[in-house]
Amino acid sequence: MDKLWKILVVDDEAANLQVLREILGADYALVFAKTGPQALEVAARHHPDLILLDIMMPDMDGYEVCRRLKADANLRHIPVIFVTALGEQAEEAKGFEAGCVDYVTKPVSAPLVKARVRTHVALVDQAAILDRLSVAGEFKDQDTGDHVRRIGRYAEQLAQALGWAPDACRAIGLAAPMHDIGKIAIPDRILLKGGRLDEEEMAIMRTHAAQGAAIIGNGGSALMRMAARIALTHHEKWDGSGYPSGLAGTEIPMEGRIVALVDVYDALLSPRPYKSAWPREEVIDYLREQAGRHFDPDLVRLFLETVVEDEGAGSSAPSA
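The sequence shown: position 242 = 1023 (our numbering), numbered continuously.
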C-alpha cells in the first residue's frame, strides 16, 4: 500500500480548514491547527510531510511560524506552502525570505491546491530516495557523512546568493549531497587506500562521476535530473582540464560549478585520517588562486562575499 502523506493545515478560520479538508482529505492524512503556537506544537508532535500555512493569524502570523520552523533542526526540512489572501509581490517575497516553498492565494482553487501539494509531496519522496542513496554512500566512505550534508547547505546558500527561485535553491540543497554517490561502484581497495593512487587506480576512481549519474538516472523529475548532472560534472574545471568530459567555462552546468566549489572548500577545511584540516585563510587563498582555473571566478567571488563571510567570524573548521 502506498504511503499516506501527512499534511498539517493551519488557519484560524474553521471554514477555511473545512475547505481544505474537502479538497485534500480523501488523498492525504490531515492534521489541523488554528494558531501559530498550536501549529508549532502539532508539527513537533506529528512531523508532517508538508505544511499548508495561513499568514494572517492572531498572536503569531504565518511568517513567524515559518521562521520558527526553519530555525528548528528537527522541523526545518518540512516544506511550507502559504495559503493566503495576500497576493502582492512584496508579501510573496517576504514569505520566501521566511522559508516557504510556494504560495496559494485565497479563495483557493481545488485543482491548483491539489497540483501544488502533489508536486511538493513528490519532492519530499524524491528527497527521501536521495537521502537513502547518500546513506548507502556513507557505508563505503565513513568520512563523507557530515561532509555531504554541509555541501548541501553550502550549495543551497550559494544558490540563494545567486538569486535562484526558492524551489531551485531547495532542489540543489537536496541534490548536492549525492555528488559522489558513484563511489559506491569503486572497489574498496581503491576508495579506501591510505596512500597515493597510481595512474590505473586514478583512472578507475575517475569513473565515479559517470557511475554516479548512471545510478541516479537522467529521467523522471527535475530534482533527479539535477542530481545526475551534479554527479556527472562536479569534477569538471573552468579551464577545461577536469573530467569526465573536459568541459570548460559555461559548458559546465551551473549546479556542477557550484558543487565543484563548495566540495573543495569543505574538503580542505575538514580533517581526514590522511590529512589535517587547512586553516580557513589558506582555504580562502586557494579558492582565489584557483578562480578562473578550477572554479568559475564569479562564483568564487560571490561565495567568499556571502556564504564564507557570513559563516566566518568565530566559526571553527568542520569536524570529520
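Cβ coordinates follow ideal geometry from the N, Cα and C atoms, glycine included.
Proximity winner among the options, relative to residue i (alpha-carbon distances)
{"i": "Ala995", "options": "Glu982, Met983, Ile1011 and Glu980", "result": "Ile1011"}
{"i": "Leu831", "options": "Glu1062, Phe877, Asn797 and Val882", "result": "Val882"}
{"i": "His989", "options": "Pro892, Arg970 and Lys964", "result": "Lys964"}
{"i": "Asp1047", "options": "Met1035, Ile1033 and Glu1062", "result": "Glu1062"}
{"i": "Thr886", "options": "Leu801, Arg1069, Lys1018 and Asp1020", "result": "Leu801"}
{"i": "Ala956", "options": "Pro968, Ser1002 and Asp969", "result": "Ser1002"}
{"i": "Gly976", "options": "Thr1031, Arg1053, Asp961 and Ser1022", "result": "Arg1053"}
{"i": "Ser1022", "options": "Leu978, Ile1039 and His1075", "result": "His1075"}
{"i": "Thr1087", "options": "Gln938, Glu872, Trp786 and Ala891", "result": "Gln938"}
{"i": "Val902", "options": "Arg931, Gly944, Val864 and Ile859", "result": "Ile859"}
{"i": "Arg857", "options": "Leu834, Arg848, Met983 and Phe863", "result": "Arg848"}
{"i": "Ile962", "options": "Glu981, Trp945 and Ile997", "result": "Ile997"}
{"i": "Gly1073", "options": "Val864, Ser1057 and Ala1041", "result": "Ala1041"}
{"i": "Met1060", "options": "Leu1068, Glu1070, Arg1069 and Leu1049", "result": "Checking the sequence shown, residue 1060 turns out to be Pro, not Met. Among Leu1068, Glu1070, Arg1069 and Leu1049, the Cα nearest to that of Pro1060 is on Leu1049."}
{"i": "Ile967", "options": "Ile985, Lys851, Ile910 and Ala942", "result": "Ile985"}
{"i": "Ala824", "options": "Leu850, Glu803 and Glu845", "result": "Leu850"}
Segment limits, beta strand (DSSP E) that includes residue i
{"i": "Lys787", "result": "Lys787 to Val791"}
{"i": "Phe863", "result": "Val861 to Thr865"}
Environment of residue i [buried if 16+ CB atoms lie within 10 Å]
{"i": "Ala1008", "result": "buried"}
{"i": "His828", "result": "exposed"}
{"i": "Gly1051", "result": "Correcting the residue identity first, residue 1051 is Ser in this sequence and not Gly. Ser1051 is buried by the Cβ-count criterion."}
{"i": "Met959", "result": "buried"}
{"i": "Ser1097", "result": "No answer about Ser1097 holds up, because its pLDDT of 47 lies below 50 and its placement is not dependable."}
{"i": "Lys1018", "result": "buried"}
{"i": "Asp1044", "result": "buried"}
{"i": "Gln992", "result": "buried"}
{"i": "Gly843", "result": "buried"}
{"i": "Asn797", "result": "buried"}
Bridge-paired residues (DSSP) for residue i
{"i": "Lys1056", "result": "Arg1053"}
{"i": "Ala810", "result": "Lys787"}
{"i": "Val885", "result": "Val864"}
{"i": "Ala1072", "result": "Phe1076"}
{"i": "Ile832", "result": "Leu789 and Val861"}
Residue i - containing alpha helix (DSSP H), residue span
{"i": "Leu850", "result": "Gly843 to Ala852"}
{"i": "Arg987", "result": "It is not in any alpha helix (DSSP H) - Arg987 carries neither H nor E in the DSSP assignment."}
Would you be able to state if there are at least three C-beta pairs under 8 Å between the segment 819-826 and the segment 784-793? With a cut-off of 8 Å, the segment 819-826 and the segment 784-793 count as touching, because enough Cβ pairs lie within range.
So does the segment 835-850 actually touch the segment 798-817, counting three or more Cβ pairs closer than 8 Å? Yes, they touch.
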